[in-house]
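Residue numbers (our numbering): 20 to 194.
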């Protein structure tokens, strides 16, 4: 049932986006970007995994219940699903894309992951200029922890793991 609701929401948003475009709107298809966590907000851009998504006046930002949000309501650590038009430019790293829709995930699981990711980012950041990419978040309920695989954008050669307690968001281990 939940998947049907999500599919319905996606189709509704795609239809809305299509209806708001000029007659040549279908020259470039809308593509779904990789779901992930916002790790940088800068100059109306947000970094999700290996792509900066540019937010324009035409970008829809909504929570998963369809509530419209403003760019100013976005936060580092939020779990999102991005959609973009025109592909991702990969001439540089991170890639770049124009965001058509940023869907903020607000369910209980996503909110708990956001708290763990935010704690991990705050723990490893030594300067405001540092940028990280969240590669994977895994919840181990039997151990009451999240393991977060991350990478410093300035050192793409290796990733590292941060273990976060799932109730207190305390950093237990950094490797």
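Every residue, glycine too, gets a C-beta built ideally from N, C-alpha and C. Since this is a predicted model, take the numbers as computed values, not measurements.
{"query": "Which of helix, strand or coil does DSSP assign to residue 139?", "result": "helix"}
{"query": "Within this structure, are the beta carbons of residue 59 and residue 150 separated by less than 7 Å?", "result": "yes"}
{"query": "Short of 7 Å in beta carbon distance, which residues of its chain neighbour residue 90, apart from the five on each side in sequence? Order them along the chain.", "result": "63, 74, 80"}
{"query": "Under 8 Å by Cβ, that's how I've got residue 72 and residue 118 pegged, so tell me the actual separation to the nearest angstrom.", "result": "4 Å"}
{"query": "Among 109, 104, 141, 52, which has the Cα closest to the Cα of residue 96?", "result": "141"}
{"query": "Kindly identify the DSSP beta-bridge partner or partners of residue 99.", "result": "55, 123"}
{"query": "Compute the distance between the beta-carbons of residue 136 and residue 153, then report whether it is under 7 Å.", "result": "yes"}
{"query": "Specify the secondary structure class of residue 118 as computed by DSSP and reduced to three states.", "result": "strand"}
{"query": "Would you mind stating whether residue 242 and residue 163 have Cβ atoms separated by less than 7 Å?", "result": "Absent from the structure is residue 242, since the part of the chain shown begins at 20 and ends at 194."}
{"query": "Candidates 85, 178, 174, 158: which alpha carbon is nearest residue 129's?", "result": "158"}
{"query": "Using only alpha-carbon positions, find the residue among 193, 83, 103, 69 that is nearest to residue 111.", "result": "69"}
{"query": "Taking 6 Å as the limit between beta carbons, can you name the residues of its chain near residue 78, skipping five residues before and five after?", "result": "118"}
{"query": "Quick check on residue 98: buried or exposed, where buried means 16 or more other Cβ atoms within 10 Å of its Cβ?", "result": "buried"}
{"query": "Between the Cα of residue 173 and the Cα atoms of 192, 146, 88, which residue gives the shortest distance?", "result": "146"}
{"query": "Thinking just about the alpha-carbon of each residue, which of 50, 122, 54, 132 is nearest to the one in residue 165?", "result": "132"}
{"query": "Name the residue from 50, 179, 52, 88 whose alpha carbon lies nearest to the alpha carbon of residue 125.", "result": "88"}
{"query": "Where does residue 103 land, buried or exposed, given buried means 16+ other C-beta within 10 angstroms?", "result": "buried"}
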